[in-house]
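Protein sequence lines correspond, in order, to chains A and B. Per the numbering used here, the very first residue in the first sequence carries number 9; after that it's consecutive. Per the numbering used here, the very first residue in the second sequence carries number 27; after that it's consecutive. Working notes, structure below.
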Amino acid sequence: MIMEKIAELFIILILVSVVLNVSSPFIKFAIKLYSFQSLMLAFYILMGAVHFNSINLYGSFVITVIFKVILIPYFLFKTLKKVKIDKEIDMYIGIPEAVVFAGSLTLLSNLIAQKIVTVGITFGAFVFTISLATFLIGAMLMITRKTLFSQIIGFLTIDNAIFLAANSITHGMPLLVELGVLFDLFVSILILSILILNLRRNAAA
Amino acid sequence: MYELVLILPAAALIFSIFIDVLWMSYVQLIISTLVFLTVAAISLFFHSITVFFGGLFFVDYINLVILITVSVLELFVAFYSFGYVRTEIKHGLSKRKFKFYYFWKNLFIFSMMVSIMSNNLGIYWTGLEATTLATALLVSFNRTKESFEATWRYVIMCSAGIAIGLFAIVILYFTTSQVYGESLKSLSFINIMRAGSELDKNFLMLAFILALVGFGTKVGFAPMHNWLPDAHSQAPSPVSALLSGVLLNTALLGILRFYQINVSAGIYYPRYFLIGFGFFTILVSAFSIIKQTDYKRLFAFSSMENMGLIALGFGIGGIAVIGSLFQILFHALNKGALFLSSGNVLAVTHERKIEKIRNLSKNFPITGLMLLFGVMGISGMPPFAMFLGEIYIMFGVFKTNIWFGFLVFLLLIFIFAGLFSKILKMYIGVKDDENGRQNENRANSGTDKDNQDRGEIGVHPFMLYAPLILLLISSILLFYIPSPFLHIVKSASAEFGGKIIF
């Protein structure tokens, strides 16, 4: 029982960090939030691992921490230092509207999840709701913000949402697949960083 | 024997790191030929589903069609690259850059082979995302502002799209894990097909829609197609040929797998989604082709149209499925010929705009003719094999609903007219006076005119004859289809429930 409550706390913190991300224009803060959000996801996976005593989930915890909490934010910070942007200026809709929009997306995903989820699921329909909301808000971030960094953050948020869904409706994907997915994600972040640097150089020249 | 199809590209990948570029082009020729021979041997002796590498990979009739397509087109691209590398190095590009070219190209081929033959949907996903990453730096090969922007759009859109595809796989995994428990087994395609009717229908439907939108981004279905024309036109021409000819089909394979699973579970209405997306893609590309000003973008839109047609055929079912399976191979051959021969024009003139290229019949006798015939083939005119695929698909469409058939037919005529008006101008059009005078002035000082006039002479013979032979094969295939391939296509269409009447 107490396990479930702690797990729910971690999940709520994921949603909170996403909404905070919507409400702040600062990119450095957004990367920190992403790292925090991944850490909460990792802790959630750890709770599952302790609860079901599954080696698969322990492995999933370790690779999530390595890739999502440490490596990806590290490279993003490194790129950010070279590019020297600190604030998102170009947005299609302003911050207050975006926050209201994020709230309504959360409500919407609650409705959808209650429609879909009828079968018994690891920690209930609650996790699925949050992962759906995170998914939609991440997509919104990608659409409404123009700066390249914000698009990366939105993409990473979507990815976290899918991981959360994978760990909520099942006990995580098989470790081999999860490793492949995380490695691909990591390489795509590296390539996107290279592209950002090159695009900046081209814009300056 | 089956393992060789994965091992050989991996070997080429390792060679490309250590060997000098000019030697590497020879190694690439040998390895691509070996891959082709292996696939040919597999398809000659193929009789039932074969699993290898501990059940992680398999070959069945459907992915064998795509495997044949990849190996044939890769062979010609290897020959073309042989000439391309030499020509570009002679024009002053550094050898180091082409070392990267071979490295990324082989990584691309390898990951494509992995995802085509994977039995496990998770590994399919990993391979598909790896193809995006491997081709990313190939699309930005020219290092111009446009190419970097195209790459950015390509990587961010395809990664996000494929992430949605991952969501589909997660939901499918949840559904199947209720039958098989949570292990690699419940992602294995063969096992899922066997479980078919026991699976939860609502979740399967949801998974199909997510997969259609997610992988559909990479196929280039209409509302998600923004990245496609830019990425395909900015890549070096041999890579464009591979991107258009086979990578789109690899992504389509994922959708087809989900479709098969749905059909085996007794859900038939996903086919309407395939029809809808296919038709909308043809519609959008038909109207985009008319206003294109860049010839490589023109061909990119044409591959979008063909993917729409293929999806439409799979959705219609019956005889149209046979047409779609033919179309997968024939489109790759024809589009390969087009992109490779347009690469010759680009390599000499360094000009992408249609209006700047005139009078190809004089400066580029062979290449110009290839472009003209290639466009004839791609729009489905008789001496080329795509006629056969298109006639089967249109036959199926007309049989389903005659008015819908007319509508699709009208769009195909639109596309035909759009392609021909552009290419004919490039082939026999003469520059208007003002432009001509400007060029004469520039000829005295600059080298632009020189390049244009030199025409085909500086081009390596492999670059001239690779597209020519591709078109010849395409033309022969209309009159004679080898019986093993016919057998494979028939059996593959039987898996979609296609009727086999010949």
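We treat Cβ as the ideally placed atom computed from N, Cα and C, and that holds for glycine. Given the structure is predicted, the values throughout are model-derived calculations rather than measurements.
{"Asked": "The region 329-340 of chain B in contact with the region 307-316 of chain B per 3-pair CB rule at 8 Å", "Found": "yes"}
{"Asked": "Rounded Cβ spacing between B:Ile-197 and B:Leu-236 (contact assumed at less than 8 Å)", "Found": "7 Å"}
{"Asked": "Partners in chain A for B:Lys-171, counting only beta-carbon separations shorter than 7 Å", "Found": "Asn-210"}
{"Asked": "Whole-angstrom C-beta distance between A:Leu-28 and A:Phe-194, which should lie under 8 Å", "Found": "The Cβ separation is near 24 Å, so there is no contact."}
{"Asked": "Euclidean distance between Cα positions of A:Tyr-42 and A:Lys-154", "Found": "18 Å"}
{"Asked": "Interface partners of B:Tyr-199 on chain A, CB under 7 Å", "Found": "Thr-178 and Met-181"}
{"Asked": "Local conformation of B:Val-19 per DSSP, three classes", "Found": "Any answer about residue 19 of chain B is impossible in this case: the structure gives chain B only from 27 up to 528."}
{"Asked": "Contact the region 289-305 of chain B vs the region 219-229 of chain B: 3+ CB pairs below 8 Å", "Found": "yes"}
{"Asked": "Limits of the alpha helix (DSSP H) - the one that B:Phe-442 falls within", "Found": "428-454"}
{"Asked": "Neighbour flag for A:Asp-167 against chain B, beta carbons, 9 Å", "Found": "yes"}
{"Asked": "Candidates B:Phe-167, B:Phe-136, B:Leu-164 and B:Ser-166, of which the one nearest B:Thr-152 by Cα", "Found": "B:Phe-136"}
{"Asked": "Residue environment, A:Phe-18, which counts as buried when at least 16 other CB atoms sit within 10 Å", "Found": "buried"}
{"Asked": "Cβ-based burial, A:His-179 [other Cβ within 10 Å; buried from 16]", "Found": "buried"}
{"Asked": "Chain A contact for B:Gly-148 (CB, 9 Å cutoff)", "Found": "yes"}
{"Asked": "Inter-residue spacing [alpha-carbon to alpha-carbon] between B:Met-139 and B:Ser-270", "Found": "16 Å"}
{"Asked": "Paired residues, beta bridge with B:Lys-317 - DSSP", "Found": "None; B:Lys-317 has no bridge partner."}
{"Asked": "Whether A:Asn-210 touches A:Gly-56 by CB criterion (9 Å)", "Found": "no"}
{"Asked": "Own chain partners of B:Ile-45 with C-beta closer than 8 Å, once the 5 adjacent residues on each side are dropped", "Found": "Val-53"}
{"Asked": "Collapsed DSSP secondary structure at B:Asn-146 in the structure displayed", "Found": "strand"}
{"Asked": "Chain-ordered chain B contacts of A:Met-150 [CB-CB under 9 Å]", "Found": "Ile-182 and Ala-186"}
{"Asked": "Contact set between A:Asn-206 and chain B, taken where Cβ atoms lie within less than 8 Å", "Found": "Ser-166, Arg-169 and Phe-174"}
{"Asked": "Reference B:Leu-372; option with closest CA among B:Ala-346, B:Ile-75, B:Ser-266 and B:Asp-86", "Found": "B:Ser-266"}
{"Asked": "Ranges of the alpha helix (DSSP H) found wholly within the region 331-381 of chain B, counting only runs of at least 4", "Found": "345-375"}
{"Asked": "Beta-carbon spacing of B:Ile-514, B:Phe-84 below 9 Å", "Found": "no"}
{"Asked": "Pick from A:Phe-109, A:Val-108, A:Ile-138 and A:Gly-111 that is closest to A:Gln-122, judged by C-alpha positions", "Found": "A:Ile-138"}
{"Asked": "Minimum Cβ-Cβ distance from A:Asn-64 to chain B less than 9 Å", "Found": "yes"}
{"Asked": "N-terminal and C-terminal residue of the alpha helix (DSSP H) that B:Val-485 is part of", "Found": "Element bounds for B:Val-485: n/a, residue is neither H nor E."}
{"Asked": "Closest by C-alpha distance to B:Leu-273, when choosing among B:Ile-142, B:Leu-232 and B:Glu-175", "Found": "B:Ile-142"}
{"Asked": "DSSP state of B:Ser-214 mapped onto helix, strand, coil", "Found": "strand"}
{"Asked": "Given 8 Å, three or more beta-carbon pairs between the region 355-364 of chain B and the region 436-445 of chain B", "Found": "no"}
{"Asked": "Cβ-based neighbour list, A:Gln-159, same chain, cut-off 7 Å, excluding 5 preceding and 5 following", "Found": "Met-150 and Arg-153"}
{"Asked": "Chain A within 9 Å of B:Asn-228, Cβ atoms only", "Found": "yes"}
{"Asked": "Residue burial classification, B:Met-27 (beta-carbon count within 10 angstroms, cutoff 16)", "Found": "exposed"}
{"Asked": "Terminal residues of the beta strand (DSSP E) in which B:Phe-83 lies", "Found": "83-85"}
{"Asked": "Exposure label - A:Ala-212; buried when at least 16 CB within 10 Å", "Found": "exposed"}
{"Asked": "Endpoints, alpha helix (DSSP H) assigned at A:Val-77", "Found": "Where A:Val-77 is concerned, there is no enclosing alpha helix (DSSP H), given that its DSSP letter is neither H nor E."}
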